[in-house]
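**Student:** Pasting a structure here, questions to come.
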Amino acid sequence: MNVTAQTTIIGIDPGLQHTGWGVVNSVGNRVSWVAHGVINPNVNLPLAQRLAVLTRELRQILAIYKPSEAAVEETFFANSAKTSLLLGHARGAALAVLAGENVEVTEYATRRVKKAIVGTGAAEKSQIAFMVKRLLPNCDELKSDSADALAVALCHATERKMANALLRARQ
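Just so you know, we're using this note's numbering here: the sequence shown kicks off at 353 and counts up by one.
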């Protein structure tokens, strides 16, 4: 893992109704915004078709931006088992697409991402969006799902830098 070379990272905030994605470039201590968006499968489609939309659009995004690494938010335990299961389907589809395109995947707990970006694991969505805009001032208007995806990508970029620093310190 060479953090001095440019690395393109995609962050994914998976969801069956809204899957946020955000792409950043990381070089040394600098992280810059590339693109972001939200995949919104039609909620009236059957589950299999919604997952097909998610995988097709995610493959298109990967083909355009060619990330070498991905950061995916782990599933949190939703209010109901059914909601958690549906979220798991979307997350599984995203992981399968990333692995199928040979993108290295790292997963992060929601609280870990919040702590890395805002400084507290109990941060609100508005606080995350605010900090993402501060850290990536060139990014366009953010919806909460794409802000969360960019936050996951930023968290990964930070984790990469710390891991590289630890490796250098041990040598």
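Cβ coordinates follow ideal geometry from the N, Cα and C atoms, glycine included.
Using 8 Å for Cβ pairs, my map puts tryptophan 373 next to isoleucine 413. What's the rounded Cβ distance?
**Tutor:** Yes, they are in contact, since the Cβ atoms of tryptophan 373 and isoleucine 413 sit about 6 Å apart, within 8 Å.
**Student:** Does glycine 380 have its Cβ less than 8 Å from a Cβ in chain B?
**Tutor:** Absent here is chain B; the protein component of the structure consists of one chain.
**Student:** Please state the DSSP three-state secondary structure of glycine 380.
**Tutor:** Residue state, collapsed to three classes: coil.
**Student:** Is it the case that the Cβ atoms of alanine 423 and alanine 505 are separated by a distance below 8 Å?
**Tutor:** Taking 8 Å as the Cβ cut-off, alanine 423 and alanine 505 qualify as a contacting pair.
**Student:** Looking only at its chain, what residues have a beta carbon closer than 6 Å to the beta carbon of glycine 473, apart from the 5 residues adjacent to it on each side?
**Tutor:** Closer than 6 Å at the Cβ level, and outside the excluded window around glycine 473, lie Arg463, Lys466 and Lys467.
**Student:** For aspartate 500, count neighbouring C-beta atoms within 10 Å of its own C-beta (all shown protein chains included) and say buried if the count is 16 or more, exposed if not.
**Tutor:** By the neighbour-count rule (16 or more Cβ atoms within 10 Å), aspartate 500 is buried.
**Student:** Could you compute how far the alpha carbon of arginine 382 sits from the alpha carbon of arginine 411?
**Tutor:** When rounded, the distance between both Cα atoms is 27 Å.
**Student:** Taking phenylalanine 439 as the reference, which of Pro419, Ser378 and Thr371 has the closest Cα?
**Tutor:** Note on residue identity: the sequence assigns leucine, not phenylalanine, to residue 439. Of the candidates Pro419, Ser378 and Thr371, the one whose C-alpha sits nearest the C-alpha of leucine 439 is Thr371.
**Student:** Where do the N-terminal and C-terminal ends of the beta strand (DSSP E) with glutamate 453 fall, by residue?
**Tutor:** Per DSSP, glutamate 453 belongs to no beta strand (DSSP E) and is neither H nor E.
**Student:** Does the distance from the C-beta atom of proline 366 to that of glutamate 425 stay below 8 Å?
**Tutor:** For proline 366 and glutamate 425, yes; Cβs fall inside 8 Å.
**Student:** When the distance is taken between beta carbons, is alanine 442 closer than 8 Å to leucine 406?
**Tutor:** Cβ atoms of leucine 406 and alanine 442: closer than 8 Å.
**Student:** So, helix, strand or coil for valine 504, using DSSP?
**Tutor:** Helix, per DSSP.
**Student:** Within this structure, are the beta carbons of glycine 389 and alanine 503 separated by less than 8 Å?
**Tutor:** Cβ atoms of glycine 389 and alanine 503: not closer than 8 Å.
**Student:** Identify the residues that DSSP records as bridge partners of isoleucine 480: which are they?
**Tutor:** Answer is none; isoleucine 480 lacks a bridge partner.
**Student:** Alpha carbons only, please: which of Arg486, Gly380 and Leu450 is nearest the one belonging to alanine 509?
**Tutor:** The candidate whose alpha carbon is nearest that of alanine 509 is Gly380.
**Student:** Give the DSSP-derived three-state secondary structure of glycine 389 in the structure shown.
**Tutor:** Note: glycine 389 maps to strand in three-state DSSP.
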